[in-house]
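Participant: Quick one: this structure, given as C-alpha cells, is what I'll be asking you about.
Numbering (our numbering), first residue to last: 851 to 1237.
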C-alpha cells in the first residue's frame, strides 16, 4: 500500500480525505487514518486519537492491506511523532500543512511543538516532501528540503528558485465553493471546488501537488476534481430555504477559528454569527486569543461549552471573555445544544452561523462522562435537512 503522511496544526483531516477521495477516483482502493477514524474510504471506524499507538497503527495498516487497500492517507500528530508511533513506517510522501498554536499543554512552547512536527522529515522515511510555502515555518523548512514540492496560493513561490512547485494563479469564491486557476511544474489548469474558504483551497492544492509528485497524471486529476466531496464537519454547509446558512467546522485553535470566520464571511450577505467554546483540561492560553478573534471577525458572538471535561464551564467561558475588548456585547449561554439552537433560530435568512470547535464529533465530554451530542445533527434538525 502506498502511504502518505499529513502533519500540521490545521488541515490534516481535509487533506487526507481529499487525497483518499482523489486517488480512489483514479482507480485506487483508498483508506484514511486520523481524527475522524480509520478505515477504507466510506467505511471509517471512529477512533480515540488522531494517531494511534505504534501497535495500533501496525494493526490497522495490516487490516487495511488485507481488505485490499492500495493507497492510504494518514494524519500524523505531533504526539505521534514524539512518541515514535510511526517510526517504522515508510511513507511515499509527507505533507506539511501549517503550524500555529495548539497542544502547548503537552509541548510547553512553540519551539518544541515545531520540533515535534519537524521529526517527520528529520527522523522518519518521509518520501517526497510536500510543503505549504504560505506558512512561515514551511518556508523555513523548504530551505532544508531541497527536493520538496513547494505549494502556495499567496505568491510565495519563485519558480526560478525552487525545484518542483504548484501555485494558485487566481481564485474566485462563490456560493458553490471556489474556482481555482493554478500553474505548476506539471502544467496548468482550472478546478471547480465545492469546499469553502481560502484554507481549503490550500488543502486542495497540497493534495493535488502530492498526487502529481507521486506520478498521477494532471489530465486525470483535472477530470475528476469536480467530484471531490466536502469533508464531514469541516466547513460543512447546512442550508434550507428561508433560513440562515449554518456552517459546522472543527476549528478549535486561534488560527483555525480566524480562517473559518474569514471563509464564512466570503459567503455571507448578512450578519456573521460565531458559536464556540474551548475544551477543558487543555491549553488555557489559547482561550483569550480565540475570544479576541471571534470578537474581531464575527458580528455576533455566542460563547458556550465545548468538552468542558473536569473544569467548571463558567471558568472556561471567563477565560475566553478575558480576551475581548467589550465582553458585555457577547452572548453567553452554558449548554451547547441550547446555544446552537438559540443562534440558528434567531439568525435571519441571509445570515451565516458558524458553529466552531466540534466538527464531526458526536459527543460532549462533561466531567468524565461522554454524552451524546452533535452540532451537525442539531443544525440539520433545526433546518429540516439530513446530516
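Idealized CB from N, CA, C, for every residue including glycine.
Identify whether residue 987 lies in helix, strand or coil by the three-state DSSP scheme.
Facilitator: It is helical.
Participant: Say whether the segment 887–903 touches the segment 928–943, bearing in mind that this needs 3 or more beta-carbon pairs closer than 8 Å, one atom from each stretch.
Facilitator: Yes, since at least three Cβ pairs between the segment 887–903 and the segment 928–943 fall closer than 8 Å, the two stretches touch.
Participant: Strictly by DSSP, which residues pair up with residue 980?
Facilitator: DSSP, once it has assigned bridges, lists 945, 999 as partnering residue 980.
Participant: Using a 10 Å radius around the Cβ and a threshold of 16 neighbouring Cβ atoms, would you call residue 1129 buried or exposed?
Facilitator: Residue 1129 should be labelled buried.
Participant: Rounded to whole angstroms, what is the Cα-Cα separation between residue 913 and residue 851?
Facilitator: Their Cα atoms are separated by approximately 11 Å.
Participant: Would you kindly work out how many angstroms separate the C-alpha atoms of residue 1049 and residue 1216, rounded to a whole number?
Facilitator: Straight-line Cα distance between these residues: approximately 31 Å.
Participant: State the CB to CB distance for the pair residue 922 and residue 868, rounded to an integer number of angstroms; the pair is presumed to be in contact (CB under 8 Å).
Facilitator: The pair is not a contact, with the Cβ atoms about 14 Å apart (cut-off 8 Å).
Participant: Compute the Euclidean distance between the alpha carbons of residue 1021 and residue 1045, then round it to the nearest angstrom.
Facilitator: So the alpha carbons of these two residues sit roughly 12 Å apart.
Participant: Are residue 1203 and residue 1096 close, meaning C-beta to C-beta below 7 Å?
Facilitator: Against a cut-off of 7 Å, the Cβ pair of residue 1096 and residue 1203 comes out as a contact.
Participant: Could you name the residues of the same chain whose beta carbon sits closer than 8 Å to that of residue 1137, not counting the 5 residues immediately before and after it, in chain order?
Facilitator: Within the same chain, residue 1137 has close Cβ partners 1128, 1166, 1169, 1170, 1172, 1173.
Participant: Is it right to say residue 987 is buried, meaning 16 or more other beta carbons lie within 10 angstroms of its own, or is it exposed?
Facilitator: That one is buried.
Participant: If you follow the beta strand (DSSP E) that residue 1122 is part of, which residue opens it and which one closes it?
Facilitator: It spans 1122–1126 - the beta strand (DSSP E) in which residue 1122 sits, taken as one unbroken run.
Participant: What's the call for residue 1009, buried or exposed, on a 16-neighbour Cβ count within 10 Å?
Facilitator: By the 10 Å Cβ count, residue 1009 comes out exposed.
Participant: Would you mind listing the beta strand (DSSP E) stretches within the segment 1053–1127 that are 3+ residues and don't spill past its ends, in chain order?
Facilitator: DSSP runs (the beta strand (DSSP E)) wholly in the segment 1053–1127: 1086–1088, 1095–1099, 1122–1126.
Participant: Please confirm whether residue 1111 and residue 1088 have their CB atoms less than 7 Å apart.
Facilitator: No; because the gap between Cβ atoms is not below 7 Å, this pair is not in contact.
Participant: Taking the straight line between their C-alpha atoms, what separation do you get for residue 981 and residue 1196?
Facilitator: Distance between the alpha carbons of residue 981 and residue 1196: 42 Å.
Participant: Once DSSP output is grouped into helix, strand and coil, what is the label at residue 866?
Facilitator: DSSP places residue 866 in helix when its eight states are reduced to three.
Participant: Indicate the three-state DSSP secondary structure (helix, strand or coil) for residue 1223 in the structure shown.
Facilitator: Correct three-state label for residue 1223: coil.
Participant: Cutting at 6 Å between CB atoms, please list the residues of its own chain near residue 1004, excluding the five before and the five after it.
Facilitator: Same-chain partners within the cutoff: 984.
Participant: Kindly give me the distance between the Cβ atoms of residue 871 and residue 891, rounded to whole angstroms, as I take these residues to be in contact under 8 Å.
Facilitator: Going by Cβ atoms, the distance from residue 871 to residue 891 rounds to 7 Å, so yes, they are a contact pair.
Participant: Output the distance between the C-alpha atoms of residue 1066 and residue 1107, rounded to the nearest integer angstrom.
Facilitator: Looking at the two C-alpha atoms, the distance is approximately 33 Å.
Participant: Since residue 1225 and residue 1117 are thought to touch, with beta carbons under 8 Å apart, how far apart are those beta carbons, to the nearest angstrom?
Facilitator: Incorrect: roughly 18 Å between the Cβ atoms, too far for contact.
Participant: Determine whether the beta carbon atoms of residue 863 and residue 886 lie at a separation below 7 Å.
Facilitator: Yes, these two residues count as a Cβ contact at 7 Å.
Participant: Can you have a look at residue 1006 and say buried or exposed, based on whether 16 or more other CB atoms are within 10 angstroms of its CB?
Facilitator: Buried, by the Cβ-count rule.
Participant: Going by C-alpha distance, which of 1133, 1208, 1140 is nearest residue 1157?
Facilitator: Taking only the C-alpha atoms, the option nearest residue 1157 is 1208.
Participant: Around the Cβ of residue 1125, are there at least 16 other Cβ atoms within 10 angstroms (buried) or fewer (exposed)?
Facilitator: By the 10 Å Cβ count, residue 1125 comes out buried.
Participant: Could you name the residues that DSSP lists as bridge partners for residue 853?
Facilitator: Its beta-bridge partners are 922.
Participant: Can you name, in chain order, every residue of its own chain whose Cβ lies under 6 Å from the Cβ of residue 879, other than the five neighbours on each side?
Facilitator: These residues qualify, in order along the chain: 918, 919, 920.
Participant: Contact defined as beta carbons within less than 8 Å: I believe residue 1144 pairs with residue 1151. What is the distance between those atoms, to the nearest angstrom?
Facilitator: Rounded, the Cβ-Cβ distance is 5 Å, consistent with contact.
Participant: Just curious, the alpha helix (DSSP H) that residue 1031 is in, first and last residue?
Facilitator: Not the alpha helix (DSSP H): residue 1031 falls in the beta strand (DSSP E), residues 1027–1034.
Participant: Among 910, 911, 935, whose alpha-carbon lies nearest the alpha-carbon of residue 904?
Facilitator: Comparing Cα positions, the closest option is 935.
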